[in-house]
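Participant:
In my numbering, the protein residues as written are 327 to 613.
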C-alpha cells in the first residue's frame, strides 16, 4: 500500500533493525536528518540530526495534537514543511503509518530532512529575483521615457523642418519682390536720366526740373543698392537654412532610429521581466 510501511517481523526486531540502518541512511543521503519511531502512544526510537532535533527522548509520550497521532488515526502518510521558528531549523517532515501483518496501524515512522541549505539558497534566489525585477522595472521605465522623449523630439524636429521650409518660401517671395523693386528702380533711373537730358536741353528753364531729376536718379540708385544688399542677405540666409534643413533631416532620421531601438529594448526588457517573474514563482515553489 502506497504511503504505508507494512512490517512482517516483530515490532522489536523492526526497531532494532532500523537502529542499525538509520545512521548509515543519514550518511548515504548526505543530509542532516532525524528519525523517530513510535508505537500508538510513545516514542520508542529517536535519532536526532546535527541540527534537526525535535527534542524528544525514547519513552516520551506523544503530545496531544501531534501530527503523528493524526497519521496513525487516518492511516495515511503526511508530508509537510516545518518552518525555522518551530525548532530553529527548517526541515521537511515525512510521517508514515506502520501496519502489522493484519493491516492494523501499530505505530509511525517519522523522518525530518533538513532544508536549511535550500532555504538559504531559496531566500537568496528570491532576493536576486526581486532585485532583478526592480532593476528591470526601472530600466523599462527609463527606456519608455527615452522612447517618449525621442518621439517628442521627433515631432519638434518635424515642426522645425516645416518652419524652415516656410521661411525659405517667404525668402523666395522676398526675392521676387526685390526683383520687382529693382525693375522699378531701374526704370526710375532711366526716367531720371531722360529728365536730366531734357532739363539740359531747355537750359535755365529746366534747372529746377534737373534738380528733381537728379534726386530721382540718386534715389533709384540707392534703392537698387539696398535691393542688392537685401538680396545678398537673403541668399546667405538661404544657404544657412539649407544647412539647417540638412541637419534637421539627419537628426530626425537618427531620432526615428533611436525611438525604434528604444521600443525594441523595452520589448526585450519586458520579456526578461516575464522570465524573472517566472523564476521568482519557481523559486518560491521550490524547497
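Beta carbons are placed, not taken as given, at the ideal position from N, Cα and C, and that holds for glycine.
Taking the alpha-carbon of residue 420 as reference, which of 398, 370, 430, 427 has the nearest alpha-carbon?
Facilitator: The residue with the shortest Cα to Cα distance from residue 420 is 398.
Participant: Considering just the uninterrupted stretch of the alpha helix (DSSP H) at residue 407, what are its terminal residues?
Facilitator: Premise fails: residue 407 lies in the beta strand (DSSP E), 404 to 408, not in any alpha helix (DSSP H).
Participant: In whole angstroms, what separates the C-alpha of residue 380 from that of residue 352?
Facilitator: If you take the alpha carbons of residue 380 and residue 352, they lie about 16 Å apart.
Participant: Among the residues of its own chain, which have a CB less than 7 Å from the CB of residue 464, if the five just before and after it don't count?
Facilitator: Correct list: empty, nothing qualifies.
Participant: If you run the structure through DSSP and keep just helix, strand and coil, what is residue 390?
Facilitator: Here residue 390 sits in coil by DSSP.
Participant: Could you tell me the distance, in whole angstroms, from the CA atom of residue 342 to the CA atom of residue 436?
Facilitator: The straight-line gap from Cα to Cα measures roughly 16 Å.
Participant: Nearest-angstrom Cα distance between residue 491 and residue 572?
Facilitator: Cα-Cα distance, rounded: 11 Å.
Participant: Going by DSSP in three states, residue 400 sits in which element: helix, strand or coil?
Facilitator: Correct three-state label for residue 400: helix.
Participant: With residue 423 as the anchor, note down where its beta strand (DSSP E) starts and where it stops.
Facilitator: Looking at the DSSP string, the run of the beta strand (DSSP E) that includes residue 423 is 417 to 425.
Participant: By Cβ distance, which residues of its chain are closer than 8 Å to residue 335, with the 5 residues on each side in sequence left out?
Facilitator: Unreliable positioning characterises residue 335 in this predicted model, as indicated by a pLDDT of 47, which lies under 50. The coordinate reading is nonetheless provided below. Hits under 8 Å: 343.
Participant: Can you tell which of 388, 367, 418 has its C-alpha closest to the C-alpha of residue 377?
Facilitator: Closest by alpha carbon: 418.
Participant: Would you say residue 565 lies against chain D (beta-carbon separation less than 8 Å)?
Facilitator: Here there is only one protein chain, and chain D is not present.
Participant: What separation, rounded to the nearest whole angstrom, lies between the Cα atoms of residue 356 and residue 349?
Facilitator: Roughly 11 Å between the two C-alpha positions.
Participant: Helix, strand or coil for residue 361 per DSSP?
Facilitator: Of the three classes helix, strand and coil, the one that applies to residue 361 here is strand, per DSSP.
Participant: With 16 as the cutoff for other CB atoms within 10 Å, does residue 558 come out buried or exposed?
Facilitator: It is exposed - the Cβ of residue 558 has fewer than 16 other Cβ atoms within 10 Å.
Participant: Would residue 415 be called buried (16 or more neighbouring beta carbons within 10 Å of its own) or exposed?
Facilitator: Flag for residue 415 reads buried.
Participant: Can you list, in chain order, the residues of its chain with a C-beta nearer than 6 Å to that of residue 431? Leave out the 5 residues immediately preceding and following it.
Facilitator: Result list for residue 431: 398, 401, 423, 425, in chain order.
Participant: Do you know offhand how far residue 460's Cα is from residue 442's?
Facilitator: Spanning the two alpha carbons is a distance of roughly 27 Å.
Participant: To which residues of the same chain is residue 387 closer than 7 Å at the C-beta, ignoring the five residues directly before and after it?
Facilitator: Taken in chain order, the residues that qualify are 367, 368.
Participant: From the DSSP output, in three-state form, read off residue 428 for me.
Facilitator: The answer is coil: DSSP assigns residue 428 none of H, G, I, E or B.
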